[in-house]
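There are 2 protein chains.
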Amino acid sequence: MITYTEQTRVLVAVDCIIFGFDGEQLKILLIKRGFQPAKDQWSLMGGFVEANENLYGAAERILYQLTGLKDLYLEQLKAYGSPERDPIERTISVAYFALIDINKYKTQISDSYHAEWFLINEAPSLIFDHDLMVEEAKKRIRYKAALHPILFELLPKKFTIPQLQNLYEQVYNTKIDNRNFIRKVNSTDLLIKLTEKDKSNSKRGAFYYTLDKNKYKAKFQSFLNFIPNPEHLISM
Amino acid sequence: MITYTEQTRVLVAVDCIIFGFDGEQLKILLIKRGFQPAKDQWSLMGGFVEANENLYGAAERILYQLTGLKDLYLEQLKAYGSPERDPIERTISVAYFALIDINKYKTQISDSYHAEWFLINEAPSLIFDHDLMVEEAKKRIRYKAALHPILFELLPKKFTIPQLQNLYEQVYNTKIDNRNFIRKVNSTDLLIKLTEKDKSNSKRGAFYYTLDKNKYKAKFQSFLNFIPNPEHLISM
DNA sequence: CCAAAAGTGTTTTAGGTACACCCATGA
DNA sequence: TCATGGGTGTACCTAAAACACTTTTGG
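Going down the list, the sequences are from chains A and B. For the first sequence, the numbering used here assigns the number 208 to the initial residue and increments by one for each residue that follows. For the second sequence, the numbering used here assigns the number 208 to the initial residue and increments by one for each residue that follows.
This is how it looks when you write it as structure tokens:
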């Protein structure tokens, strides 16, 4: 029988950068680590990959166990493998990022895990190389969202165009001309206008829209160019 | 002392998808595996990550050991971790892709490793999940090259615009209008025209150009849109 | 009746695309 | 002298960006 006996085995973990939007603000979900090392420090959701699961499956399981979240947008960011990244023992970590509508899962996020939503610009500093992961995840989202409609994953079923614009403005930390934005969004033909209005932000009210799921899937890979001059904003 | 004793350790490997261009054709470098399992089958260059090195360093080392290649364009593709991907023992593999000018390193690629260049469309099928890695690497390059000038990494110091166009046509498996292509390339202001001509492909000859290294670095992150209608060609 | 957000319309401009045509030169 | 690849010039057209204006309605 053949084996790879002479090679070193290492731990493999999965860490998840979870972005959420509550209809108004872009946030990130962090947990207070419940075990050593770095107990009680803020951290990404993570865990070790088990014997019978693949990396994506491990990420799904970890998200589900710690938050009850399921069937959400989840994509591999990259693998991190610096020898010093975990002080206890060498651990390779494969980072995934997730995009969710915060309100949809509000009740499910278990308090027993000390999970907490932070504004994207007010998150505490994290253990190990997790800050780096978050930075790279932000860049990835900016890159991808400039070309693909992934940010819809963050929105509730019903949403208004000003809400959508607000989301884009937060992701890119920029002001967008609402008149051009509306036209651009409508030209994608991805949205279905509802009769109902959201009057929470203005007297006049803004129409609610829903995603046309079929068109969304069909056009997911196309280049929509939501962001004017993306070259100034993107670096990965 | 704290440890993670109860967790399973696994092997971590790095596999490299090496794309090369000889001035005429786009190729991929493969090796005939010298050990079990799957001895004598075609494979990507790979190896296990050692105790004191990070993932990028492991990729660099493996490339150097097997081919003598150094200082080349190298970027992480993604991590592959299906439990069944290696039949002997579970192994997570982090794939990297590299871009090189074949002629620059022609003599260095060691025959003792049975490395061989294959035309991109005529490569044999590979062990484990390496075919998948190659497919995803191709997609990544198409995606990235539509927006960033990475394909210059494949060219020799001196090259002609028709050569460059030929490279793009192979990467995207499409015909490009040479008149528009020339204008687009020149408008980037990335190239320095030399006085010398390459007459190997025509009587008139095509001027050689070199990359303006400074401008190349400065503009690397910008969106150059070399490919008309990239949405038809890109899927990752 | 007015403030403030929501939404429509118009103009300008850059850049992608299509296509006609000239240039250089070895055989 | 002509075939062939290399290269310039031009006209068209779409879509991005900048900007002005109207619409709605609760307080």
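Yeah, the Cβ is synthetic: ideal placement off N, Cα and C, and Gly gets one too.
Under the three-state reduction of DSSP output, residue 212 of chain A falls in the coil class, being neither helix nor strand. Inclusion of residue 345 of chain A and residue 327 of chain A in the CB contact set at 9 angstroms is warranted, their separation being smaller than that value.
Distance from residue 333 of chain A to residue 305 of chain A at the Cβ level is roughly 16 angstroms; contact not present, criterion being Cβ atoms closer than 8 angstroms. Sorting B:394, B:389, B:293 by C-alpha distance to the C-alpha of residue 209 of chain A places B:293 at the top.
For residue 300 of chain B, there is no enclosing alpha helix (DSSP H); the residue is found in the beta strand (DSSP E) stretching over 298-308.
Within a 10 Å sphere around the beta-carbon of residue 274 of chain B sit 16 or more other beta-carbons, which makes this residue buried.
With respect to the C-alpha of residue 279 of chain B, the residue from B:358, B:249, B:241 having the closest C-alpha is B:358. For the stretch 353-403 of chain A, the continuous alpha helix (DSSP H) assignments of 4+ residues that do not extend past its boundaries occur at 368-379, 385-395, in sequence order. Judged by DSSP in its simplified three-state form, residue 272 of chain B adopts helix. The C-beta distance from residue 236 of chain A to residue 227 of chain A rounds to 6 angstroms, short enough to meet the 8 angstroms contact threshold. If you ignore the 5 residues before and after residue 297 of chain A, its C-beta comes within less than 6 angstroms of the C-beta of 217, 290, all in its own chain and listed in chain order.
Rounded to the nearest angstrom, the Cβ distance from residue 398 of chain A to residue 340 of chain A is 32 angstroms, too far for a contact under 8 angstroms. In this structure residue 301 of chain A touches residue 286 of chain A by the C-beta definition: roughly 5 angstroms separates them, less than 8 angstroms. Listed in chain order, the non-local C-beta contacts of residue 240 of chain A below 7 angstroms within the same chain comprise 246, 247, 248, 250, 334, local neighbours out to five positions each way being set aside. Assignment of residue 344 of chain B by DSSP, reduced to helix, strand and coil, places it in the helix class. Annotated as proximal: residue 256 of chain A and residue 288 of chain B, with beta-carbon spacing under 9 angstroms. For residue 378 of chain A, same chain residues with a beta-carbon under 7 angstroms away, outside a window of 5 residues either side, are 233, 348, 349, 352, 358 in chain order.
Secondary structure note for residue 280 of chain B: its beta strand (DSSP E) is the uninterrupted segment 280-287.
The beta-bridge partner set that DSSP reports for residue 422 of chain B is empty.
Residue 211 of chain A and residue 225 of chain B do not touch by the CB rule: their CB atoms are close to 23 angstroms apart, not below 8 angstroms. Within chain B, not a single residue places a beta-carbon under 8 angstroms from that of residue 378 of chain A; the smallest gap is close to 17 angstroms. With contacts defined as CB atoms closer than 9 angstroms, residue 266 of chain A and residue 281 of chain A qualify as a contacting pair. Annotation for residue 323 of chain B: the continuous beta strand (DSSP E) segment containing it runs 322-326.
If the five residues before and after residue 343 of chain A are omitted, its C-beta is found closer than 8 angstroms to the C-beta atoms of 284, 285, 302, 443, all from its own chain and listed in chain order. Against chain B, the CB of residue 289 of chain A has a partner CB under 9 angstroms away; the residue lies at that interface. Under the DSSP assignment, residue 222 of chain A falls in the beta strand (DSSP E) whose first and last residues are 218-228. Taking C-beta atoms under 8 angstroms as the contact rule, residue 363 of chain B and residue 408 of chain B fail to qualify, at a distance of about 15 angstroms. The three-state secondary structure of residue 333 of chain B, taken from DSSP, is coil. Residue 401 of chain A sits away from residue 388 of chain A, with the two beta carbons spaced by 9 angstroms or more. Residue A:395 holds the alpha-carbon nearest to the alpha-carbon of residue 420 of chain A among A:395, A:277, A:336. Per DSSP, residue 295 of chain B is not a residue of any beta strand (DSSP E), being assigned neither H nor E. Out of B:382, B:230, B:429, B:403, the CA that lies nearest to the CA of residue 307 of chain B is found in B:230.
At a cut-off of 9 angstroms between beta-carbon atoms, residue 244 of chain A makes contact with chain B. Per DSSP, the unbroken beta strand (DSSP E) holding residue 233 of chain B starts and ends at 233-239.
The CB of residue 215 of chain B comes closer than 9 angstroms to the CB of 216, 218, 219, 255, 256, 257, 258 in chain A, given here in chain order.
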